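Sequential numbering of the sequence shown, starting at -15, is according to our numbering. Down below is the structure, laid out as structure tokens.
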Amino acid sequence: MKQLLDNYIFSDALRYENHRMIYDTGTENRTEIGGFPAAAVLGALLYGQDEGRERGIFVTDPNGRKEFIRRYEDETLHENGGMFKTEVQALSEAYMEFNGDMNILLAICGNERLYDLAFGMMVEYMEQLVKEQVYEHIYELCEWREPFAQWLFDAGYIETNRQHLLSIDWTDAAIVCGLAEEMEKSPTLETSNPSFLFDGERAEDLLNGYYNWLMASVEQEAALYPDANVQLAAFKTKVLQYETDYDFLKPEMKAFTPDQLNLFRKWMNQWIHFLQEKIQPVNPKKKDIRQEFLLDDVQPVPQERNYVQVREYIFERCKYDKKFEKAFKDKKRTDFCDQLSLLFGWFVDPNALGKRLNKKAKK
-15 MKQLLDNYIF SDALRYENHR MIYDTGTENR TEIGGFPAAA VLGALLYGQD
35 EGRERGIFVT DPNGRKEFIR RYEDETLHEN GGMFKTEVQA LSEAYMEFNG
85 DMNILLAICG NERLYDLAFG MMVEYMEQLV KEQVYEHIYE LCEWREPFAQ
135 WLFDAGYIET NRQHLLSIDW TDAAIVCGLA EEMEKSPTLE TSNPSFLFDG
185 ERAEDLLNGY YNWLMASVEQ EAALYPDANV QLAAFKTKVL QYETDYDFLK
235 PEMKAFTPDQ LNLFRKWMNQ WIHFLQEKIQ PVNPKKKDIR QEFLLDDVQP
285 VPQERNYVQV REYIFERCKY DKKFEKAFKD KKRTDFCDQL SLLFGWFVDP
335 NALGKRLNKK AKK
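What follows is the structure, encoded as structure tokens:
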């Protein structure tokens, strides 16, 4: 099979050479475009021709275009082809070559269907590059970092640029040329206008996603200790302390507009409430509680706040652990729940457990 981007002469006026499409009618107006715009025109013009089949060009179906793009990026690797900035610049230069008159592209393509095919491929490719650049989720572009307030602060600025790129109209020459100039000045598209509304994300999903990431790290660290559950309970108390304090950001928050400040505080209030629901201290009034029981190999730890599982754990363990059974029968409910909290590594609410035990008793 031939190379996708091998040189090709279409006519005396039109040729593809060294990854550039050159249209020269012999007058003073010579049009020359490069990058993917040139490759898209090449693909459209050769599709359905013997030369196109020899090069493996099938650009009228999604899989064919996907393969076309893959090969384009492979063959332009040494020219930085396929990089977002490179392709934005190439499309911008193409628009400037057309001087706002797309009839030049229509003249190169020869008819409206080939024009639509080539132009559509350009737009589709740029949209694909944007998705690769900004990812599907904000936490993929701005990875989780501690504490949540710091992640929210950083992600707010990044999201502004992300939404800007997602909203680009690649058919608008002025916008594309403006973006190319902007990227020349600031490749990272820095902004001083953070957005704390994340496109396509539910706030609840972001809070859960961060919490699950954080707890996985905490549990992994606690697992290094022989008394893992005791350590986990202690770590969670520390998490509750540093995750609910965002005073360290107050100097930076002075630059926020009133609306931004209000929205940032709403996020933090919701996060603090969410975290307090998830993590509760074992017993803030009892600092020194001696752990009387250890986990065994018989039963797994109940899921956090699943009092059906806690109830079943208690009844099952009472069958084979007499010391545990005696504590369950003799201790006050609050004291027994303190022991369960140390055992499980999460706060066991005496009231919630009592309600579940009473339901069982009635049955």
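Here a beta-carbon is modelled for each residue, glycine too, at the ideal position from N, C-alpha and C. Computed from a prediction, not measured in an experiment: that's the story for all the values here.
Rounded to the nearest angstrom, the gap between the Cα atoms of M237 and T172 is 22 Å.
Taking a contact as a CB-CB distance under 8 Å, the pair E63 and H3 counts as one, their CB atoms being some 7 Å apart. Taking C-beta atoms under 8 Å as the contact rule, L224 and L247 fail to qualify, at a distance of about 24 Å. By the beta-carbon neighbour count (other beta carbons within 10 angstroms, threshold 16), T241 is exposed. Classified as exposed, I(-7) has fewer than 16 neighbouring CB atoms from the shown chains inside 10 Å of its CB. With a beta-carbon spacing of about 20 Å, A91 and F20 fall beyond the 8 Å limit used to define contacts.
A buried status is given to P286, since no fewer than 16 other beta-carbon atoms sit within 10 Å of its beta-carbon. A Cβ-Cβ separation of about 5 Å places A102 in contact with V25 under the 8 Å criterion. In this structure, the beta-carbon distance from L216 to A200 does not fall below 8 Å. With at least 16 other beta carbons inside 10 angstroms of its own, T60 counts as buried. Within a 10 Å sphere around the beta-carbon of F232 sit fewer than 16 other beta-carbons, which makes this residue exposed. Counting every other CB atom within 10 Å of its CB across the protein chains shown gives G329 a total of 16 or more, marking it as buried. Scanning its chain for C-beta atoms nearer than 8 Å, with the 5 sequence neighbours on each side dropped, one finds around N213 the residues A206, L279, V285, L326, L327, F328 and G329, in chain order. Under the 8 Å Cβ criterion, the segment 129 to 144 counts as touching the segment 162 to 178, having at least three qualifying pairs. Beta-carbon to beta-carbon, Y194 and A133 are separated by about 11 Å, too far to satisfy the 8 Å threshold. Taking C-beta atoms under 8 Å as the contact rule, V332 and L324 qualify, at a distance of about 4 Å.
Less than 8 Å divides the Cβ of E130 from the Cβ of L198. The alpha-carbon of R186 is positioned some 14 Å away from that of L136. Setting aside the 5 residues that flank it on each side, W251 is surrounded in the same chain by L136 and F180, each with a C-beta closer than 7 Å to its C-beta; the list follows chain order.
If you check the CB distance, I17 and Y31 do not come in under 8 Å. When Cβ pairs closer than 8 Å are counted between the two stretches, the segment 110 to 118 is seen to touch the segment 146 to 158, the count reaching three or more. In the DSSP annotation of this structure, the continuous segment of the alpha helix (DSSP H) that includes R317 starts and ends at R317 to F328. Counting along the chain, no alpha helix (DSSP H) covers R289, and no H or E run does either. At least 8 Å separates the beta-carbon of I256 from that of T221. Closest by C-alpha distance to E38, out of A22, A78 and K(-14), is K(-14).
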